[in-house]
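Residues in the sequence shown are numbered consecutively from 1, following this note's numbering.
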Amino acid sequence: MGDTSQQVEKVKRFGTRRNIVLGLLLLICLLIIGAGVGSYTYISSNLASISNDSTASPLRVSIPKGASASKIGEILTQAKLIRDPRFFSLYARYKNYSSSFQSGEYSINPNQDLQSIMNTLRKGPEANVVRVTIPEGFTTKQIVDLLVQEKLIDKEKFMNLVKSKDFGFSFLQGLPQS
1 MGDTSQQVEK VKRFGTRRNI VLGLLLLICL LIIGAGVGSY TYISSNLASI SNDSTASPLR
61 VSIPKGASAS KIGEILTQAK LIRDPRFFSL YARYKNYSSS FQSGEYSINP NQDLQSIMNT
121 LRKGPEANVV RVTIPEGFTT KQIVDLLVQE KLIDKEKFMN LVKSKDFGFS FLQGLPQS
């Protein structure tokens, strides 16, 4: 009978060890799944746009010359265009974009996702284009008044330039005085 009780005791201990090992394996699996879900949530939230408001106005940001991806990430975070500057920097390094961002003034919509913002910063700022129609026959004074009205020039500086006639273009040399 002693042998039987020893065998029963061995089976119980084996069962207990097996349960502990299985419990630990289950815990490890749950931790791995939790880490995966957490990572996925973190990454997807940082890749998504910060706003879903279709009426959101673009925000102006200035990227200084020579700014690192880390510095750009901080600027974009302060402007409330991205969530995490470290993620921006790491993602830029992962995509090999770190050295291709261009300095300048940008107008970025909070509806843009991270990839779109990065593409904008790689493409460079759009030139400020203003269309002004100068009617045929306008005099210099009328042109100046129109440009001043559109707030495109300083009248005094512009008139001094026009009077100096030093534009540096050879095709303008020899024009009659007006």
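Using N, Cα and C, we set each Cβ at its ideal position, and we do this for glycine too.
Exercise for the section: Determine the closest residue to glycine 73 out of Ser45, Lys141, Pro85, with distance taken between C-alpha atoms. Expected result: Pro85
Exercise for the section: Compare the beta carbon distance of asparagine 109 and proline 64 with 7 Å and say whether it is the shorter of the two. Expected result: no
Practice task
Return the bridge partner residues of valine 61 from the DSSP annotation.
Solution key: Tyr106
Exercise for the section: Please decide whether lysine 65 counts as near chain D, where near means a Cβ-Cβ distance under 7 Å. Expected result: The question asks about chain D, but that chain is absent: this structure has only one protein chain.
Practice task
State the CB to CB distance for the pair valine 132 and glutamate 150, rounded to an integer number of angstroms; the pair is presumed to be in contact (CB under 8 Å).
Solution key: 6 Å
Practice task
Could you tell me whether the Cβ atoms of glutamate 105 and serine 62 are closer together than 7 Å?
Solution key: yes
Problem - Where the alpha helix (DSSP H) through valine 144 begins and ends - result: 140-149
Practice task
Check whether the segment 79-94 touches the segment 42-54, counting contact only when three or more Cβ pairs, one atom from each stretch, lie closer than 8 Å.
Solution key: yes
Problem - Spatially closest choice to glycine 66 from Asp3, Ser98, Arg18, by CA coordinates - result: Ser98
Exercise for the section: State yes or no: is the C-beta of glycine 124 within less than 7 Å of the C-beta of glutamine 102? Expected result: yes
Handout entry: Inter-residue spacing [alpha-carbon to alpha-carbon] between lysine 141 and glycine 174
Key = 21 Å
Practice task
From the DSSP output, in three-state form, read off lysine 123 for me.
Solution key: helix
Exercise for the section: Measure the beta-carbon distance from serine 54 to asparagine 111 and round it to whole angstroms, keeping in mind my assumption that it falls under 8 Å. Expected result: 7 Å
Handout entry: Residue environment, phenylalanine 171, which counts as buried when at least 16 other CB atoms sit within 10 Å
Key = exposed
Practice task
Name the two residues that bound the continuous alpha helix (DSSP H) containing asparagine 160.
Solution key: 155-164
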